[in-house]
Amino acid sequence: MTTTVHRFAAASRMEWIKLRTLRSTWWTLAVTVAGATGIGVAVGANSKDASADLTNNVLAGVAPGLLLVGVLGVLTMTGEYSSGMIRATLAAVPDRPLLLTAKATVFGLVTLVLGEVTAFVAFLAGRAALHGRLTAPGLGQPGVLRAVVLSGAGIALMGLFGLGLGAIVRHSAAALATYVGVVFVAGQLLLAVAPAAVRWVPPAIVGDSLGVSRTASGDLSPWAGPAVLCGYAAVALGAGAWTLTRRDG
Numbered sequence: 001m002t003t004t005v006h007r008f009a010a011a012s013r014m015e016w017i018k019l020r021t022l023r024s025t026w027w028t029l030a031v032t033v034a035g036a037t038g039i040g041v042a043v044g045a046n047s048k049d050a051s052a053d054l055t056n057n058v059l060a061g062v063a064p065g066l067l068l069v070g071v072l073g074v075l076t077m078t079g080e081y082s083s084g085m086i087r088a089t090l091a092a093v094p095d096r097p098l099l100l101t102a103k104a105t106v107f108g109l110v111t112l113v114l115g116e117v118t119a120f121v122a123f124l125a126g127r128a129a130l131h132g133r134l135t136a137p138g139l140g141q142p143g144v145l146r147a148v149v150l151s152g153a154g155i156a157l158m159g160l161f162g163l164g165l166g167a168i169v170r171h172s173a174a175a176l177a178t179y180v181g182v183v184f185v186a187g188q189l190l191l192a193v194a195p196a197a198v199r200w201v202p203p204a205i206v207g208d209s210l211g212v213s214r215t216a217s218g219d220l221s222p223w224a225g226p227a228v229l230c231g232y233a234a235v236a237l238g239a240g241a242w243t244l245t246r247r248d249g
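So the sequence shown is numbered by UniProt numbering: it starts at 1 and just counts up by one.
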């Protein structure tokens, strides 16, 4: 047990060094927070209906994070294959499930911090931009803090989903196309053929379940939504671990 813990700690340190030295990590952080601010302000300034869920309105700023952090998750995995670094990584950590666990742990913690910063920035920026005649939501009001925190967690879970897809597909272009298709395009297709099923699509879960202070009829509850996203991420990472053990580096 001690040996496994030591190997996991060493693998995690290695993954942290690789992640923080990637320029794409810092660009994603900057663009995600900037996008959250801009969209939060734009949506807040254009909110007119006092009866609407204003918390949900201003949390629209988390939307870019679902794409950007998911893409970062894909590239964090596939980039090792395209650069050839995966050979050195596997030489250092031959235990592939352990390697993916360490990578997912480090990436998940980093993107959770990023997601929470994004959600709080979107909320505060959008709240400040609301028209003076509207009562701005406060973090102490029922369901508001929960909506902000879960929205940030949703971003991290989508990043882990992207990481799992990257481990399964390995090729950047194909994995990115799969991520965009599954996460975004599928929702539009379902909207046309099976509208009731749209609530199971990740962007709808984040927008209609996680990022709301009050849940509308027919949507997943604020706690069922995160459970479904956790399931998606777990399945992708589990399949990724299985794939890594069945292929040569």
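Cβ atoms here follow ideal geometry from the backbone N, Cα and C, with glycine treated the same way.
Simplified DSSP state of N56, which is helix, strand or coil: helix
May I have the straight-line CA-CA distance separating L134 from A45, to the nearest angstrom? 10 Å
Can you check which of these residues, A63, A42, L100, L190, is closest to R7 by C-alpha distance? L100
Alpha-carbon spacing of V235 relative to T118, whole angstroms: 26 Å
If I measure Cβ to Cβ from G70 and keep anything under 8 Å in the same chain, skipping five residues before and after, which residues do I get? M158, G159, F161, G162, Y179, V183
Distance check for C230 and R127, CA to CA, integer angstroms please. 29 Å
Find out if the Cβ-Cβ distance for the pair A175, T78 is shorter than 7 Å. yes
In the DSSP assignment, the alpha helix (DSSP H) including T188 goes from what residue to what residue? Sequence inspection shows Gln at residue 188; the Thr mentioned does not correspond to that position. It spans 186-193 - the alpha helix (DSSP H) in which Q188 sits, taken as one unbroken run.
Whether G61 touches G40 by CB criterion (7 Å): yes
Which residue comes first and which comes last in the alpha helix (DSSP H) that contains W27? 23-45
Select from S83, A52, L98, I155 the residue whose C-alpha is nearest the C-alpha of G240. L98
In whole angstroms, what is the alpha-carbon distance linking A34 and P142? 28 Å
Sequence-distant residues of the same chain with beta carbon closer than 6 Å to S151, five excluded per side: L59, V62, A119, L210, G211
Under a three-way DSSP split, which group does D49 fall into? coil
At the level of alpha carbons, what is the spacing between V201 and A52? 23 Å
Quick one: is S213 buried, meaning 16 or more other Cβ sit within 10 Å of its Cβ, or exposed? buried
Excluding the 5 residues flanking T105 on each side, which residues of the same chain have their C-beta closer than 7 Å to its C-beta? S12
To the nearest angstrom, how far is it from the Cα of L67 to the Cα of T243? 24 Å
Residues near V149 by beta carbon distance below 8 Å, same chain, minus five either side: E116, A119
Please name the residue, chosen from P222, A224, G166, I17, that lies closest to V110 on a Cα-to-Cα basis. I17
Collapsed DSSP secondary structure at G152 in the structure displayed: helix
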